[in-house]
Amino acid sequence: MKSGSNLEKVLEGGHFAVTAEVGPSKGTSAKVVQRKGELLKTYCDAMNVTDNQTAIVRMSSWSGCILLREIGIDPVMQMVVRDRNRIAIQSDILGAVALGIRNVLCLSGDHQRFGNHPTTKGVYDIDSIQLVQTLKKMRDEKKFICGEDISGEVPLYIGAVETPFADPIEYRVKRLAKKVKAGADFIQTQAVFDVAKFIKWMEIVRDEGLDKQVHILAGVIPIKSVGMARYMRDNVSGISVPDDIVTRMEEAKVAKDEGVKIALEIIEQLKEMNSIHGIHIMAVAWEDIVPVIVERAGLLPRPIL
Amino acid sequence: MIVGEQKPFEEIWEMIKGFRKVLVFGCNTCVAICHAGGGKEAEILASLIRMKAVQEGIGMEVKHAAIERHCEPEFFDPMMEDVKTNDVVLSTACGVGVNFLAERIGDIPVFPGINTQFFGAVPKAGIFVELCAGCGDCILHLTGGICPVARCAKSLMNGPCGGTNKGKCEISRDVDCAWYLIVERMKKLGTIEKLYEIQPLRNWSTATYGGPRRVILEHIKDIEEQL
């Protein structure tokens, strides 16, 4: 075991993993994260805590992770390279490990221009692939980037993300290979709506032998409304929402029910793909639906390891 | 070349309105090409200031001048005595020129008339684009001649990130994704395999993050000292 985290045990044990996402609040109350944690606790194996997603200031990811740990949840600390230089990154990792955080997901982060402080200075000292590399070095060699020794173990389960549908498509798999080479243990993908396209992408991943080297969890976003479907289709980079999904949402009597149905159909197809080792549910502002989806997808009970 | 844009007139006026003898001092190299601060622009700006002073009922003597370059002493040394007869110099040179003049002019303030932007090229008349960040550690041989430090909004070394969208950057549909361009160019050059290697962490100390930079050519410096 590299980290001994629950997520690692589930994936290495060959189970189909379920992870969910929690966005911390724009405030000081611990209750938001705790409430979402309690709600989803028995429905997933680990929970990601986002790191100032869309460059909007929120409670820090590591503190959200601690709040989840306190109620018995295995947290995945998301870490973006937008806001920290290599000194802060390594320092935060030491602290996170000391506090019991074992899973870290490495991301570039949405550009600061999108957020609520668009005039800030982005850091981008290192990129997300170099972050993966850094964490692997810290864990396996017990060394900082500079080569100096770290005192103590750095048990980490290292995650990275992948956007299968972003341009240039044929290069994406090569870039995934770079993440694997850098040391990623697991991958959480951007949301999958176009399963046919995703299957084709996974074929290339398999041809490269990457599915044998890393656990790939496919992203799932339950669609709450027609507007959300259209917005994602037209505006969100790296998400490919086929028109027939938008049409189904438009024609549905109860949009939310149709959104759940679509999510379940996608999960069903993902489960059939041997090279997919789990799903990552990102129910943005709709966390309540996660238990429903996990239960109806036949993914209960979650393994206790 | 160095690209700049003239500051809003109101901002300029706020800087200089308390002075009586004003010199608007242009530079005829880079900032003249981008129509921000050459002799012509300095002249127009001086006229605008005169008109504003009349409107406001302020007695102000506004002159204008320009030299070829503000970044080498021999160009403005011959003018220095004249320049020093003013209460303030509004320089429309780039920031380098403002700093360089301020170091030499004694107690007279030098204010910036333009916002210095970037090192750029002119793909079409009237359009200026940033292509180099002057980071001090060039890797263009690894990226098909397209700079990810200057042209990727996140300065990624192993891009593109998930924000790339139909060849455009997530920050704007008007901005090309540098990494999309790099991948396409490397494919054409037949060197795409180079991108399969992980680019290591950068040494940013060669960029401005390592403190103010300077380059010393010992052989030339020594000759100058002997003379």
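For the protein sequence lines, the chains are E and U, in the order given. At position 190 of the first sequence the residue is numbered 231 (our numbering), and the sequence of numbers has no breaks. At position 90 of the second sequence the residue is numbered 837 (our numbering), and the sequence of numbers has no breaks. Just so you know, even glycine gets a beta-carbon here, dropped at the ideal spot from N, CA and C.
Short Cβ contact (9 Å threshold) for alanine 326/E with lysine 265/E:
yes
Separation of phenylalanine 866/U from isoleucine 780/U, as counted between CA atoms:
Spanning the alpha carbons of isoleucine 780/U and phenylalanine 866/U requires a straight line of approximately 12 Å.
Go ahead and pull the three-state DSSP assignment for glycine 300/E.
helix
May I ask you to list, following chain order, the residues of the region 265–285 of chain E that have a beta carbon less than 7 Å from some beta carbon of chain U?
Of all residues in the region 265–285 of chain E, Ser278 and Gly279 have a Cβ within less than 7 Å of some Cβ in chain U.
Whole beta strand (DSSP E) elements within the region 86–141 of chain E, 3-residue minimum
87–90 and 116–121
Enclosing alpha helix (DSSP H) for serine 919/U [first to last residue]:
Premise fails: serine 919/U lies in the beta strand (DSSP E), 919–923, not in any alpha helix (DSSP H).
For phenylalanine 766/U, does the three-state DSSP call read helix, strand or coil?
It is coil, neither helix nor strand.
Flag this pair as yes or no: are the beta carbons of threonine 230/E and alanine 270/E separated by less than 9 Å?
no
Should tyrosine 981/U be labelled buried (16 or more other beta-carbon atoms within 10 Å of its own) or exposed?
Residue 981/U is absent from the structure shown; chain U starts at 748 and stops at 974.
Sequence ranges, alpha helix (DSSP H) only - wholly within the region 248–316 of chain E, length at least 4
Listed in chain order, the complete alpha helix (DSSP H) runs (minimum 4 residues) inside the region 248–316 of chain E are 267–276, 284–292 and 296–312.
Glutamate 208/E: contacting residues in chain U (beta-carbon distance under 8 Å)
Looking at the sequence provided, one finds aspartate at residue 208/E rather than glutamate. Going along chain U in sequence order, the residues near aspartate 208/E (Cβ under 8 Å) are Pro907, Thr911, Asn912, Lys913, Gly914, Cys924 and Tyr927.
Pick from Thr175/E, Asp92/E and Ile112/E that is closest to isoleucine 128/E, judged by C-alpha positions:
Looking at the Cα atoms, Thr175/E is the closest of the given residues.
Valine 221/E beta carbon less than 9 Å from that of valine 255/E:
Yes, the pair counts as a contact, with Cβ atoms nearer than the cut-off.
Do we get a CB-CB distance below 9 Å when we pair glutamate 203/E with the residues of chain B?
The displayed structure is made up of protein chains E and U, and chain B is not among them.
Since alanine 793/U and valine 778/U are thought to touch, with beta carbons under 8 Å apart, how far apart are those beta carbons, to the nearest angstrom?
So it is not a contact: roughly 16 Å between Cβ atoms.
Tell whether a beta-carbon distance below 9 Å holds between glycine 853/U and serine 838/U.
no
Listed in chain order, which residues of the region 941–961 of chain U have Cβ atoms closer than 9 Å to some Cβ of chain E?
Leu942, Tyr943, Glu944, Ile945, Gln946, Pro947, Leu948, Arg949, Trp951 and Tyr956
Quick one: does methionine 807/U have its CB under 9 Å from some CB of chain E?
No, its Cβ sits nowhere closer than 9 Å to a Cβ of chain E.
Residue of Ala296/E, Gly200/E and Val295/E minimising C-alpha distance to asparagine 89/E:
Gly200/E
Measuring CA to CA, which of Val233/E, Val246/E, Ala96/E and Gly113/E is closest to glutamine 75/E?
Per the Cα distances, Gly113/E.
How do the region 96–113 of chain E and the region 55–66 of chain E stand: do at least 3 beta-carbon pairs fall below 8 Å, yes or no?
At 8 Å Cβ cutoff, the stretches touch.
Whose C-beta lies closer than 6 Å to the C-beta of phenylalanine 766/U among residues of the same chain, with five residues either side of it excluded?
Asp834 and Val835
Is the region 913–920 of chain U touching the region 887–896 of chain U, taking contact as three or more C-beta pairs under 8 Å?
no
Nearest CA to the CA of valine 333/E: which residue from Gln310/E, Lys297/E, His318/E and Glu313/E?
It is Lys297/E.
Quick check: is the beta carbon of glutamate 917/U nearer than 9 Å to any beta carbon in chain E?
yes
Does the beta carbon of leucine 889/U sit closer than 9 Å to a beta carbon anywhere in chain E?
no
Please tell me whether histidine 152/E has its Cβ less than 9 Å away from any Cβ of chain U.
yes
Valine 63/E in three-state terms, based on DSSP
Valine 63/E falls in the strand class under three-state DSSP.
Can you list, in chain order, the residues of its chain with a C-beta nearer than 6 Å to that of threonine 91/E? Leave out the 5 residues immediately preceding and following it.
Gly64 and Gln119
Any Cβ of chain U within less than 9 Å of the Cβ of lysine 222/E?
yes
Give the list of continuous beta strand (DSSP E) stretches no shorter than 3 residues that lie fully inside the region 801–857 of chain U.
808–814 and 835–838
For threonine 863/U and phenylalanine 185/E, what's the separation of their Cα atoms in angstroms?
Each residue's Cα considered, the two are about 38 Å apart.
Are the C-beta atoms of arginine 337/E and some chain U residue less than 9 Å apart?
no
Can we say the region 871–886 of chain U touches the region 139–149 of chain E, given the rule of at least three CB pairs closer than 8 Å?
no
So that I know if they touch, is there some Cβ in chain U lying closer than 9 Å to that of phenylalanine 57/E?
no
Taking Cβ positions, are phenylalanine 822/U and methionine 762/U nearer each other than 9 Å?
no
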